Amino acid sequence: MFVDSHCHLDRLDLTLHDGRLSAALDAARARGVHRFLSIATTLESASAMAEITRDHDDVLMSVGVHPLAEVPEAPSVEAIVECAERCGAVAIGETGLDFHYDSVPREVQRQRFIAHLQAARSLELPVVIHTRDAREETLALVREHTDPSVGGVLHCFTEDLDMAREAIRLGLYVSLAGIVTFASAKALRDVARQLPLDRLLIETDSPFLAPVPYRGQANEPQYVVEVAECIAEVRGITVDEVAMQTRANFYRLFAASVSDAAPNPFV
Ligand SMILES: [Zn+2]
Ligand SMILES: [Zn+2]
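In the numbering used here, the protein residues as written are -3 to 263.
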């Protein structure tokens, strides 16, 4: 059984599913995906996401303002905390730093990231971190503001092995998405081969960046299976081992809140 540790269920292209989210989830469930962590990218969109979690026992959610989200004002620590509590979020984010696209000024991103890390710390919730071309600064802010006993995850990881190792040392997990299957991603597959299996998560980040052989099409949670298959192949282990270990890692990271928020078949 697989866990899609990062998807945006409010943004899926449901054309192939008669416009029904439940059909997209059923397609994933039929392939063995039994848990979804759906990520809100603005506080305004969190309420609608909370309705999705109420309708589907196997969907959990995270609350945050994406580093590149265009929002009128900076989210305060209090606003993030209030929204997360109201929605029953099991994590804070996604947040982080994306210096590849500078559409939101770097200083604004920094302030937002710090506010999320402080909210996560006060709620004792893990943090879901988006990081691109900002290795040192991301790690420095994690070092300063994150409680290693609560931790978090670097999601859709595309950076190098040194960064992954340092993140793990700081108490984080590393999550791989469909990019790892791309022909051009040999360096990332090397990272996937060398990371400790007990710190690895898998995700789709759907609707973005579908894995091979669906590259260029709309991504959806069922394709987390292709991510797991790719990791199994590069590591020379079975898909079952990848599924089992990444699932255990997911519950270790999010377990405290999961047992309250939704029925957990593993406790
Ligand atoms: Zn992201
Ligand atoms: Zn995302």
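Beta carbons: idealized from backbone N, C-alpha and C, even for Gly. Just so you know, these numbers come straight off a predicted model, no measurement behind them.
Closest by C-alpha distance to residue i, when choosing among the options
i, options, result
"Leu168", "Leu157, Arg185, Val138 and Ile175", "Val138"
"His52", "Glu66, Ser18 and Asn215", "Ser18"
"Thr91", "Gly84, Glu74, Ala116 and Glu81", "Ala116"
"Gly60", "Arg50, Glu78, Thr49 and Glu47", "Glu78"
"Arg128", "Thr142, Ser202 and Asp98", "Asp98"
"His151", "Pro217, Asp201, Glu81 and Glu229", "Asp201"
"Asn215", "Leu5, Val(-1) and Phe(-2)", "Leu5"
"Ala26", "Ala65, Arg185 and Gln218", "Gln218"
"Phe246", "Val230, Val149 and Gly174", "Val149"
"Arg7", "Ser1, Ala36, Gln107 and Phe153", "Ala36"
"Leu12", "Asp158, Gln213 and Glu162", "Gln213"
Length of the line joining the Cα atoms of residue i and residue j
i, j, result
"Arg16", "Ala44", "15 Å"
"Arg289", "Asp14", "There is simply no residue 289 to check, as the chain begins at -3 and stops at 263 in what is shown."
"Thr38", "Asp22", "26 Å"
"Ala224", "Phe109", "29 Å"
"Pro207", "Pro122", "26 Å"
"Ser72", "Ala24", "36 Å"
"His112", "Ile76", "7 Å"
"Pro192", "Ser171", "12 Å"
"Gln190", "Gly147", "21 Å"
"Leu10", "Pro209", "19 Å"
"Gly28", "Asp54", "12 Å"
"Ile198", "Val124", "13 Å"
"Asp186", "Val230", "8 Å"
"Leu93", "Ala65", "11 Å"
"Cys3", "Ala173", "10 Å"
7 Å CB neighbourhood of residue i in its chain, flanking five on each side removed
i, result
"Ala183", "none"
Check: residue i C-beta below 6 Å from any heavy atom of ligand 1
i, result
"His126", "yes"
"Glu155", "no"
"Glu229", "no"
"Cys152", "yes"
"Glu66", "no"
Proximity test, residue i beta-carbon vs ligand 2 heavy atom, cut-off 6 Å
i, result
"Asp158", "no"
"Asp201", "yes"
"Ile175", "no"
"Glu90", "yes"
Residue i, buried or exposed, once every other Cβ within 10 Å from all chains shown has been counted against 16
i, result
"Gln105", "buried"
"Arg31", "buried"
"Thr234", "exposed"
Same chain, Cβ closer than 6 Å to residue i, five either side skipped, listed in chain order
i, result
"Ile227", "Ala188 and Val238"
"Ala85", "Met57, Ser58 and Val59"
Residue i at chain D interface by Cβ criterion, 7 Å
i, result
"Val59", "Annotation note: the requested chain D is absent from the structure, which comprises a single protein chain."
Residue i: CB within 6 Å of a non-hydrogen atom of ligand 3
i, result
"Ile35", "By its list of ligands, the structure shown excludes ligand 3, since it contains just ligand 1 and ligand 2."
Same chain only: Cβ atoms within 8 Å of residue i, ignoring 5 sequence neighbours per side
i, result
"Ser118", "Val73 and Val77"
"Ala46", "Met57, Arg82, Cys83 and Gly84"
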